[in-house]
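Worksheet: the structure to be examined is printed underneath.
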Amino acid sequence: MSRVTRSRGRAIALVAVLAMALAACSSSSKKTTTATTAAATATTKAIPDRGNVDGVLKIGLDEPQTGDLTVVGPPIFKGAELAIKQINDAGGVLGKPVQVVEGDDGGGSNNDIAGATADRMLTSDKVDAIMGPAGSTAVEAVIDKITGAGALECSSSATAAALSTTPDNGGFFSRTAPPDKLQGPALADVITGDSHSKVGVIVRNDPYGVGFGTYLKAALKNNGATIVADIAYDPKGTAFDADVKKLVDAHPDAVALISFPDTGSLIIKSMIQQGIGPATTPIYVADGMQSSTLWQKVDPNNPAVIKGVKGTAPAAAPQNGSPGFAAAFKAFAPGVDTIFSAHSYDCINLIALAAVEAKTDDPVQFRRHFIDITHGANACSSFADCKALLDQGKAIHYMGASGPLNLETKPGGGGEPGQGTYDVYTFGADGKYTSAPKQVVIGG
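No gaps in the numbering here: position 271 of the sequence shown is 271 in our numbering, and each next residue is one more.
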């Protein structure tokens, strides 16, 4: 599979990324600590004693089982479960199997559910870390609860740019999903690369949609396009004809829709009814709409109803990711979509490896290792191989299934990828999406 990197700003070629990673891996065997800032060496709030530090690493999965983001739940859960199986098959952490509890985050539709699940995991289950919630708005709703309790929080799918600066009690929140300050330009490159110059933009009026839209519009303008319509819709709404009418009146030659399936499908349905559906006006979407069942929400009798809709999403099997993950996931979860599966797999492995390096299941301690284990001198891509190196006292660079990671310290604390690798996918006549052989790499 070949790759094209669309250059602008911080965009770089993959070969340069790999060269840098190899250089970093050969530079020294000394542990890297420069990525850990003061934000991750001291907490800003007193950490309560929840009784969770007992020598057993316990992780909660607060992810979608209901709600607007239900479609991303199976790949996220399965990616995490695959990682946990491999970790335990390799002897676990601190000589004991990693324990896991699962719960519903409300799927971006009900933040109270995400909060209630987090409460249960922190108090009754006494978890050391929580992966999730999936949506950025839900993360903002529960981040103080989780990080204030002294649990490490890792999101594999919350991409809102605002989360880069959200305080996290001194480094307790990290993510493996690249922020939308990277995906916005990636999608803009796809749209203008298809020779569109009059773009209507409609986004969810929430941190995900508005943040994504900000970077998307800036990149579109930088590419020479004109924004002919700029609409933020109410994600709690049920009818969007008036919003779509604004798009119709603007006469765009393409529409960018930043949404989730439940409301996004209603918007596409209204666009079709008003004459600017995908058969007449190209529609571009992002990760939140990548689902092979999306067509059923638009027209359950016609899988071809979204034929031609194109989008971007963080690559589940990037060429610069660890080898073998895609095949292992397919065998472990046959028929399950792959969106964010690699990123959830990486969240779990990073939590476990941080605890191994810290030699404790105390998140107050092991959170300080979360970033450093993506910058060490010895590259490894499986938990077993990475653990063997750590047991020898060597610093590791965990090369994730979602890419080299190279986590950067966020202004708000914790870490996040400084690079995003994105699939460009298109829905076919059967309603399913397929990814193009070329991926877009932004950042470095």
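Each residue gets a CB set at the ideal place from its N, CA and C atoms; glycine is no exception. Small disclaimer: the values here were computed from a predicted structure and weren't measured.
Ranking F370, E81, G376 and V53 by CA distance to the CA of T176 puts F370 first.
The secondary-structure analysis by DSSP pairs H343 with nothing; it has no beta-bridge partner.
Look at R120 here: in three-state DSSP terms it is helix. Taking the Cα of G324 as reference, the smallest distance to any Cα among K96, G403 and L163 is reached at G403. With contact defined as three or more Cβ pairs closer than 8 Å, the stretch 147 to 165 and the stretch 402 to 417 are in contact. Between the C-alpha atoms of S156 and S109 there is a straight-line separation of about 18 Å. The residues Q99, V127 and D128, in chain order, have a CB closer than 6 Å to that of K58 in the same chain once the five nearest residues on each side in sequence are set aside. Beta bridge pairing from DSSP links G103 with D62.
Distance between S195 and S259, taken at the CA atoms: about 23 Å. By the neighbour-count definition (other C-beta atoms within 10 Å, threshold 16), N222 is an exposed residue. Proximity of the stretch 164 to 171 to the stretch 218 to 234 falls short of the contact definition, fewer than three beta-carbon pairs being nearer than 8 Å. Sequence-distant partners of A355 (beyond 5 residues in either direction) whose C-beta falls short of 6 Å from its own C-beta, in its chain, are L57, V93, D361 and F366.
In the structure shown, the three-state DSSP call for H196 is coil.
Counting only runs that start and end inside the stretch 153 to 224, the alpha helix (DSSP H) elements of at least 4 residues fall at 180 to 193 and 207 to 222. Note on geometry: alpha-carbon atoms of T281 and A254 lie some 6 Å from one another. In the three-state reduction of the DSSP assignment, A354 falls in the helix class.
Counting only runs of 3 or more residues that sit fully inside the stretch 229 to 271, the beta strand (DSSP E) segments are 254 to 258, in chain order. Contact between the stretch 386 to 394 and the stretch 340 to 360 is present: three or more C-beta pairs spanning the two stretches fall below 8 Å. In terms of Cα proximity to A377, the closest of Q392, R368, D391 and I396 is I396.
For I276, no alpha helix (DSSP H) run applies, since DSSP gives it neither H nor E. The shortest C-alpha to C-alpha distance from L257 to any of K145, N52, I191 and N302 is the one to I191.
In this structure, L247 lies near A229, with their beta-carbon atoms less than 7 Å apart. Residue nearest to P167 within the set K410, G420, Q419 and Q439 is K410 (criterion: CA-CA distance).
In the three-state DSSP reduction, V53 falls in the coil class, being neither helix nor strand.
Spanning the alpha carbons of H375 and V305 requires a straight line of approximately 46 Å. In the displayed model, M289 falls within a helix according to three-state DSSP.
Judged by DSSP secondary structure, A379 falls within the beta strand (DSSP E) whose first and last residues are N378 to C380.
A Cβ-Cβ contact shorter than 7 Å links I130 with M121. DSSP, read as helix, strand or coil, puts A429 in coil. The Cβ atoms of A186 and V440 sit closer than 7 Å to each other. Cβ atoms of G79 and A342 come within 8 Å of each other, at about 6 Å. Distance from G103 to G135 at the Cβ level is roughly 15 Å; contact not present, criterion being Cβ atoms closer than 8 Å. P64 is positioned such that its CB atom lies closer than 7 Å to that of G107.
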